[in-house]
């Protein structure tokens, strides 16, 4: 028993270290991506919106591919190795490929960046989180208590990334490439015990086939969940893409705004870190569905409040609440998927039904959002987006499926059927 506990602790430390380093690596550079596009690459709001839209196209393509691979290879780390190697190339790519292309051949630069970022971040982070979720359940841990170290990694890097950015973005990119090598060493040492892999309820003995994806797409629950993502998560993430550009307008100089944005991103990630510790217990108590609905209410109210204020202090208070939203959303999404979808398509559902759907929002919403930022201003655009989030939250209260709740004693649903290659019956 003592040996098992020791093995579990060691596994927890290593998985947590990997997640910490992954988010630290990308926060060091990608956390200021919109500022880099505007201030260093010289793009305007419409061009930046186009960048995010095309990034979204590539992300929508790559995320389901990564999800299918994850379900196919089970707990193999092959895909994670690839993601880490792509991350290690960040400095040479951004400095010698991406920025020169954006400045001389804009569309080629946008496409090259979209491919790279999809492989390393957009699909890479989803694959890393999906692996961490499975890993946590194999060792009977809460995903949030592993994922919280990613929030800490993001916060730590964000605390000084704005200062480095003011010196030169090359420092940010160099740091990211260096920490990727440390991340590779941690991943090499990460092992899963034989006991955890025997007779587990996490990895299906029957590997996914393409027909399973077709069945998933025919499942009404898939589309009801996707509608929630479209109405709430689209508004949440698209608004965040250029929020840094809105935020810096509250300050006397761009440099002051950049530094304060970094400080508040640290506070935001710190809140996310703390919430990841306690949110799993709250979601278990109230149920994943109520967790998702609460996220929708928070997103709508935060965006409306952002549009109504003109005070730098108030916008600074509002900004960190994004960390609470992220923590509650991630934990609720993973628990909702585990309750309502077969474990054979667990990663595919997460990367297709949640992650890919988010980036459909970048394709559909980001360009018009960029247009309206310039035409009617950030504040009025945020008022509209907040209203949309609240509207879809109300609809989702009737369309999302009921979830297990300790508070009401709602029983957990039976494991979705996997016999004869069938997924859970449609309801």
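In the working numbering, the protein residues as written are 581 to 1007.
Glycine residues also receive a C-beta, built at the ideal position from the N, C-alpha and C atoms.
Being a predicted model, the structure only gives us computed values, none of them experimental.
Item                                                                                                                : Value
Cβ neighbour criterion (16 or more within 10 Å) applied to residue 713                                              : buried
Touching by the beta-carbon criterion (3+ pairs, under 8 Å), the stretch 631-643 and the stretch 785-803            : no
Distance CB(residue 629)-CB(residue 946) smaller than 9 Å                                                           : yes
Boundaries of the alpha helix (DSSP H) in which residue 635 is found, first to last residue                         : 625-653
C-beta contact flag for residue 826 and residue 959 at 9 Å                                                          : yes
Uninterrupted beta strand (DSSP E) stretches inside the stretch 648-718 (no shorter than 3 residues)                : none
Residue 765 classed as buried or exposed, judged by whether at least 16 other C-beta atoms fall within 10 angstroms : exposed
Buried versus exposed call for residue 676 [16 or more other C-beta atoms within 10 Å across all chains shown]      : exposed
Whole-number beta carbon distance between residue 831 and residue 941, since they are thought to touch under 8 Å    : That pair is no contact at about 29 Å.
Burial state of residue 987, where buried means 16 or more other Cβ atoms lie within 10 Å                           : exposed
DSSP-derived helix/strand/coil call for residue 985                                                                 : strand
Nearest-angstrom Cβ-Cβ length linking residue 906 and residue 726, presumed shorter than 8 Å                        : 15 Å between Cβ atoms; not a contact.
Inter-residue CB distance, residue 728 and residue 856 (contact presumed, cutoff 8 Å)                               : 3 Å
Between the CA atoms of residue 955 and residue 910 - distance to the nearest angstrom                              : 33 Å
Every unbroken alpha helix (DSSP H) within the stretch 835-898, with a cutoff of 4 residues, ordered by chain       : 868-888, 892-898
Option in 895, 770, 811, 901 with minimal Cα separation from residue 854                                            : 901
Nearest-angstrom Cβ-Cβ length linking residue 734 and residue 604, presumed shorter than 8 Å                        : 7 Å
Residues near residue 772 in its chain [Cβ-Cβ closer than 8 Å; skip 5 each side]                                    : 591, 655, 715, 718
Residue from 689, 693, 647 whose Cα sits closest to the Cα of residue 704                                           : 647
Exposure of residue 794, with buried meaning 16 or more beta-carbon neighbours within 10 Å                          : exposed
Assumed close pair residue 609, residue 687 - CB separation to whole angstroms, cut-off 8 Å                         : Not quite, the Cβ-Cβ distance comes to about 23 Å (not below 8 Å), so this is no contact.
Check whether residue 983 and residue 813 have beta carbons under 9 Å apart                                         : no
Residue 741 versus 838, 678, 980, residue with shortest Cα-Cα distance                                              : 838
Beta-carbon proximity check, residue 659 vs residue 760, cutoff 9 Å                                                 : no
Residue 829 (DSSP reduced to helix, strand or coil)                                                                 : coil
Classification of residue 1004 by the beta-carbon crowding that lies within 10 angstroms, buried from 16 upward     : Any reading at residue 1004 must be qualified, since the residue scores a pLDDT of 41, below 50, and its modelled position is unreliable; the value itself is stated next. Result: buried.
Sequence-distant residues of its chain with Cβ nearer than 6 Å to residue 593 (five each side left out)             : none
Beta-carbon gap between residue 732 and residue 819 smaller than 9 Å                                                : no
Proximity test, Cβ basis, 9 Å: residue 636 and chain D                                                              : Considering every chain present, this structure includes no chain D. It has just one protein chain.
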